[in-house]
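In full-length UniProt numbering, the protein residues as written are 1 to 372.
Here a beta-carbon is modelled for each residue, glycine too, at the ideal position from N, C-alpha and C.
Worksheet: one structure, shown below.
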């Protein structure tokens, strides 16, 4: 008697004129063209013990890994028991498994020359389709003060690292425009100019992208910074886009078209910060060079690097910082007027005057009411 179990690492995908099975562990994908397979999938998922190798559908589904038998089935169930339940929902597990590297061609790995030539050939093949790298949104251009490094010259890295903390207690005092200009430039600005580009051209290489103070996948700088100004001296309240390559702001809107408190999931203390920085990722940049799901991890890492740089630069200017991934994506995308397909909100940063207190005023009031 065959011992059979359903492979829970198989997902069904649907696209135009195509329905398929994707094995998240092996990375293999299969297209299904005949309706008889769907009826059989339904039966086998309910009763894997009905597996019958005299049926062509069962043979195909077994080869695709939907049903595991005998020793494979026993090993699979042992792994399920030893691993325990996945702590998040299935979408997160699909992302985790779907963005893994499965394997590489050993022949390519062991031949250094072949490997490097292959990479150069790939770069040359995608070069004609370079996406827009230096993003410019339409709107009124606002000049920012040139960078002034005085704040950094008076602070050590160690002192800044020790001073950095998350604050949820802001006061509505204005941030100086010079401080804002410095923070944006040192975090998101094209601080190296075209130095690397000129160096590479002398070596026969064409570079795509530019450098900030933080690393970025492929130097593509897929992260864009949008500024919601709430209290900055000399800068009108509104929504702006930061042009990294020009150190300028583009005014997108003088009014909020969304309830910002709701968009931030009612983390109301953030409304007292001098400014919010909404970080988005331009997926289309990453799709161009890295057309595989693992690149989504790179998008998240890019945002993480920039967030910590923002924290340190802002702290060096004597301001408090806060960051969050808890927000309603669609509302922020709507405010920024981005399509949410090629570009999407990933993270939110804040800077302002106040106290380095991680406990927000609302929690303090709630605690006080409980004590009363």
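Same chain only: Cβ atoms within 6 Å of residue i, ignoring 5 sequence neighbours per side
i: residue 102; result: 27
i: residue 68; result: 5, 7 and 76
i: residue 45; result: 6
Residue span of the alpha helix (DSSP H) that contains residue i, given as start and end
i: residue 143; result: First-last for residue 143: 140-143, but that is the beta strand (DSSP E), not the alpha helix (DSSP H).
i: residue 230; result: Premise fails: residue 230 is in no alpha helix (DSSP H) and is neither H nor E.
i: residue 119; result: 112-126
i: residue 159; result: 157-163
i: residue 59; result: 56-63
i: residue 45; result: 35-46
i: residue 80; result: 70-83
Alpha-carbon to alpha-carbon, residue j and residue i
i: residue 12; j: residue 113; result: 39 Å
i: residue 63; j: residue 40; result: 14 Å
i: residue 98; j: residue 297; result: 11 Å
i: residue 73; j: residue 340; result: 41 Å
i: residue 86; j: residue 189; result: 40 Å
i: residue 170; j: residue 322; result: 10 Å
i: residue 294; j: residue 282; result: 15 Å
i: residue 225; j: residue 123; result: 27 Å
i: residue 136; j: residue 209; result: 14 Å
i: residue 406; j: residue 24; result: No statement about residue 406 is possible, as the shown extent of the chain runs from 1 to 372 and does not include it.
i: residue 100; j: residue 90; result: 16 Å
i: residue 144; j: residue 248; result: 6 Å
i: residue 52; j: residue 34; result: 18 Å
i: residue 197; j: residue 366; result: 55 Å
i: residue 187; j: residue 360; result: 26 Å
i: residue 156; j: residue 129; result: 44 Å
Candidates the options, of which the one nearest residue i by Cα
i: residue 223; options: 300, 261 and 59; result: 300
i: residue 141; options: 98, 246 and 163; result: 246
i: residue 227; options: 254, 207 and 214; result: 254
i: residue 363; options: 267, 18 and 120; result: 267
i: residue 376; options: 171, 213 and 120; result: As displayed, the chain neither begins before 1 nor continues past 372, which places residue 376 out of reach and without an answer.
i: residue 166; options: 237, 209 and 349; result: 349
i: residue 316; options: 127, 161, 96 and 372; result: 161
i: residue 154; options: 318, 353, 344 and 329; result: 318
i: residue 70; options: 88, 48, 90 and 324; result: 48
i: residue 256; options: 360, 187, 270 and 230; result: 230
i: residue 325; options: 94, 54 and 265; result: 265
i: residue 342; options: 15, 94, 132 and 45; result: 132
i: residue 14; options: 2, 30 and 354; result: 30
i: residue 378; options: 371, 367 and 313; result: This structure cannot settle anything about residue 378, because the visible part of the chain is limited to 1 through 372.
i: residue 320; options: 92, 368 and 352; result: 352
i: residue 311; options: 150, 213 and 244; result: 213
i: residue 308; options: 262, 358, 271 and 164; result: 164
i: residue 270; options: 152, 357 and 88; result: 357
i: residue 3; options: 50, 42, 16 and 118; result: 50
i: residue 242; options: 17, 291, 185 and 211; result: 185
i: residue 216; options: 146, 369, 302 and 115; result: 302
Contact set for residue i: own chain, Cβ-Cβ below 7 Å, skip 5 residues either direction
i: residue 36; result: 57
i: residue 232; result: 174, 175, 177, 180, 274 and 275
i: residue 278; result: 226, 228, 332, 336, 345 and 348
i: residue 289; result: 126, 218 and 220
i: residue 251; result: 139, 140, 142, 238 and 240
i: residue 59; result: 53
i: residue 406; result: No answer is possible for residue 406: the residues shown for the chain start at 1 and end at 372.
i: residue 376; result: Given that the chain is displayed from residue 1 to residue 372, the structure contains no residue 376 and the question cannot be resolved.
Cutoff 8 Å; reference residue i; Cβ partners in own chain excluding five residues on either side
i: residue 377; result: No statement about residue 377 is possible, as the shown extent of the chain runs from 1 to 372 and does not include it.
i: residue 32; result: 19, 20, 21 and 38
i: residue 10; result: 21, 22, 23, 24, 64, 65 and 66
i: residue 263; result: 327, 328, 331, 332 and 335
Range of the contiguous beta strand (DSSP E) that encloses residue i
i: residue 31; result: 29-32
i: residue 23; result: 18-23
i: residue 97; result: First-last for residue 97: 90-98, but that is the alpha helix (DSSP H), not the beta strand (DSSP E).
i: residue 151; result: Note, residue 151: premise wrong, no beta strand (DSSP E); alpha helix (DSSP H) at 150-153.
i: residue 4; result: 4-6
i: residue 135; result: Careful: residue 135 lies outside any beta strand (DSSP E) and carries neither H nor E.
Within-9 Å CB hit, residue i to chain B
i: residue 200; result: No chain B is part of this structure, which consists of one protein chain only.
Whole runs of the alpha helix (DSSP H) within the segment 250-333, excluding any shorter than 4 residues: You should have 260-263, 283-289 and 295-316.
Start-end ranges of the beta strand (DSSP E) lying completely within the segment 333-369, minimum 3 residues: For the segment 333-369, whole beta strand (DSSP E) runs of length 3 or above, ordered along the chain, are 343-352.
Uninterrupted beta strand (DSSP E) stretches inside the segment 174-250 (no shorter than 3 residues): Taking only runs of at least 3 residues, the beta strand (DSSP E) segments lying wholly in the segment 174-250 are 223-229 and 238-243.
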